[in-house]
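Notes for the one structure printed next.
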Amino acid sequence: MESYLLGAERRFTRAEVAEQAGVTPETSRKLWSALGFPAGSDDDVEYTGLDVAAVRLFRDLTVFQSADPRVVAASARTLGQSMARLTEWQADLVATEIMARAARADGESAESLREATEFTLDAFEELQRYTWRRHLAAAVTRSLDGSAGADHIRTLAVGFADMVGYTRLTRHLHPDELSTLLEAFESTTAAAVTDNGGWVIKNVGDEVMFAAETVLEAARIAVALQDSTMMVGGTPDLRVAIAYGPVLQRFGDLYGSTVNAAARLTGVARPGTTLIDDAAAAELVGEPEFSTQNLRSVRVRDFDRLRPHVLQPNQP
Numbered sequence: 001m002e003s004y005l006l007g008a009e010r011r012f013t014r015a016e017v018a019e020q021a022g023v024t025p026e027t028s029r030k031l032w033s034a035l036g037f038p039a040g041s042d043d044d045v046e047y048t049g050l051d052v053a054a055v056r057l058f059r060d061l062t063v064f065q066s067a068d069p070r071v072v073a074a075s076a077r078t079l080g081q082s083m084a085r086l087t088e089w090q091a092d093l094v095a096t097e098i099m100a101r102a103a104r105a106d107g108e109s110a111e112s113l114r115e116a117t118e119f120t121l122d123a124f125e126e127l128q129r130y131t132w133r134r135h136l137a138a139a140v141t142r143s144l145d146g147s148a149g150a151d152h153i154r155t156l157a158v159g160f161a162d163m164v165g166y167t168r169l170t171r172h173l174h175p176d177e178l179s180t181l182l183e184a185f186e187s188t189t190a191a192a193v194t195d196n197g198g199w200v201i202k203n204v205g206d207e208v209m210f211a212a213e214t215v216l217e218a219a220r221i222a223v224a225l226q227d228s229t230m231m232v233g234g235t236p237d238l239r240v241a242i243a244y245g246p247v248l249q250r251f252g253d254l255y256g257s258t259v260n261a262a263a264r265l266t267g268v269a270r271p272g273t274t275l276i277d278d279a280a281a282a283e284l285v286g287e288p289e290f291s292t293q294n295l296r297s298v299r300v301r302d303f304d305r306l307r308p309h310v311l312q313p314n315q316p
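Residue numbers (UniProt numbering): 1 to 316.
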């Protein structure tokens, strides 16, 4: 099955890959390692024609030709980590689909396995290609602000939402119940974010990080997030916080003081409430959809004085 998954038999060494791709052996080794694959001996026959083609693609992409080698390595590393995480959960799904299709054909003969594998891989690749293009279209539209390069500064509203009492709750849940809880949390929060003009940066256990172009969109997301706990029975209350300002956007993630402020405010928010920082509150002045209530400044890690404001939706 390996040759089906790899698309070809292993028949090249790393030196041969480098020679055929027109790069140095050191470049091919660094690229291979950055993608997340173990770097064996230079004489090991580990590579296929697809590996040669991939190295050529990296070599020929204009965006990498004049880039700092560290940028190329970081790009490859991010791609490798994303694909590794994707395939970890897909492995059982793909194997199950292959075996089920083979069994429906004529059993587990080599021919039926080959046909089932080819169909399954083609189907998953097409779905991933479709999803990637749709997300890329949205991301390119958001980034049409003159920014360029892998790292750049943007002004965004950044938010976090986390489940109250998650650690205590997990001690009493069966793994199946925990899986159901996380699925409910991730599906409802993703819908709340995307339906209101934002995008999910990442999910980490009991927490979702999101971003939006404007504070108004982020505020609508916060309300939708809080409402989601009432629509899904058994989902704990949420603490939500939003901060607005410049952030460093790097390989799909966000960094900087604005991100830290949003994270710290989440930690001090009361269950079922949304806190926003001064900059976000200023953006909502005169906005008929929302009102804010000033609270005392708080001292949290990295901030001596961080003034929160409670976000409240106005009744229509």
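From the three backbone atoms N, C-alpha and C, an ideal C-beta is built for every residue, glycine too.
Beta-carbon separation of residue i and residue j under 8 Å?
{"i": "residue 225", "j": "residue 240", "result": "yes"}
{"i": "residue 120", "j": "residue 98", "result": "yes"}
{"i": "residue 281", "j": "residue 157", "result": "no"}
{"i": "residue 6", "j": "residue 35", "result": "no"}
{"i": "residue 256", "j": "residue 248", "result": "yes"}
{"i": "residue 17", "j": "residue 28", "result": "yes"}
{"i": "residue 350", "j": "residue 55", "result": "The displayed coordinates of the chain run from 1 to 316. Any statement about residue 350 would go beyond what the structure contains."}
{"i": "residue 62", "j": "residue 10", "result": "no"}
{"i": "residue 195", "j": "residue 162", "result": "no"}
{"i": "residue 296", "j": "residue 278", "result": "no"}
{"i": "residue 21", "j": "residue 159", "result": "no"}
{"i": "residue 223", "j": "residue 210", "result": "no"}
{"i": "residue 13", "j": "residue 42", "result": "yes"}
{"i": "residue 153", "j": "residue 288", "result": "no"}
{"i": "residue 173", "j": "residue 236", "result": "no"}
With which residues is residue i paired in a DSSP beta bridge?
{"i": "residue 192", "result": "Note: residue 192 sits in no beta bridge, so no partner."}
{"i": "residue 311", "result": "292"}
{"i": "residue 199", "result": "211"}
{"i": "residue 119", "result": "In the DSSP output, where bridge partners are listed per residue, residue 119 has none listed."}
{"i": "residue 274", "result": "240"}
{"i": "residue 158", "result": "211, 243"}
{"i": "residue 253", "result": "250"}
{"i": "residue 12", "result": "47"}
{"i": "residue 152", "result": "249"}
Could you tell me the distance, in whole angstroms, from the CA atom of residue i to the CA atom of residue j?
{"i": "residue 197", "j": "residue 269", "result": "24 Å"}
{"i": "residue 244", "j": "residue 127", "result": "35 Å"}
{"i": "residue 213", "j": "residue 40", "result": "45 Å"}
{"i": "residue 294", "j": "residue 188", "result": "29 Å"}
{"i": "residue 92", "j": "residue 184", "result": "22 Å"}
{"i": "residue 94", "j": "residue 100", "result": "10 Å"}
{"i": "residue 179", "j": "residue 204", "result": "14 Å"}
{"i": "residue 242", "j": "residue 254", "result": "14 Å"}
{"i": "residue 52", "j": "residue 104", "result": "36 Å"}
{"i": "residue 258", "j": "residue 155", "result": "9 Å"}
{"i": "residue 3", "j": "residue 57", "result": "22 Å"}
{"i": "residue 69", "j": "residue 314", "result": "52 Å"}
{"i": "residue 114", "j": "residue 25", "result": "34 Å"}
{"i": "residue 66", "j": "residue 37", "result": "25 Å"}
{"i": "residue 64", "j": "residue 71", "result": "8 Å"}
{"i": "residue 140", "j": "residue 250", "result": "14 Å"}
{"i": "residue 272", "j": "residue 193", "result": "17 Å"}
{"i": "residue 305", "j": "residue 299", "result": "5 Å"}
{"i": "residue 238", "j": "residue 191", "result": "15 Å"}
{"i": "residue 129", "j": "residue 138", "result": "14 Å"}
{"i": "residue 260", "j": "residue 303", "result": "9 Å"}
{"i": "residue 186", "j": "residue 134", "result": "20 Å"}
{"i": "residue 81", "j": "residue 252", "result": "12 Å"}
{"i": "residue 96", "j": "residue 283", "result": "51 Å"}
{"i": "residue 177", "j": "residue 165", "result": "15 Å"}
{"i": "residue 8", "j": "residue 110", "result": "16 Å"}
{"i": "residue 84", "j": "residue 90", "result": "10 Å"}
{"i": "residue 175", "j": "residue 33", "result": "34 Å"}
Under the rule that 16 or more other beta-carbon atoms within 10 Å means buried, what is residue i, buried or exposed?
{"i": "residue 301", "result": "exposed"}
{"i": "residue 309", "result": "buried"}
{"i": "residue 228", "result": "buried"}
{"i": "residue 75", "result": "buried"}
{"i": "residue 285", "result": "exposed"}
{"i": "residue 220", "result": "buried"}
{"i": "residue 181", "result": "buried"}
{"i": "residue 136", "result": "exposed"}
{"i": "residue 292", "result": "buried"}
{"i": "residue 218", "result": "buried"}
{"i": "residue 316", "result": "exposed"}
Report back the beta-carbon spacing between residue i and residue j to the nearest angstrom; my notes put them in contact at under 8 Å.
{"i": "residue 102", "j": "residue 116", "result": "4 Å"}
{"i": "residue 290", "j": "residue 275", "result": "Not really, about 13 Å apart at Cβ, beyond 8 Å."}
{"i": "residue 77", "j": "residue 23", "result": "The Cβ separation is near 17 Å, so there is no contact."}
8 Å is my cut-off, CB to CB: does residue i come that close to chain C?
{"i": "residue 70", "result": "As a matter of chain content, chain C is missing from the structure shown, which is built from one protein chain."}
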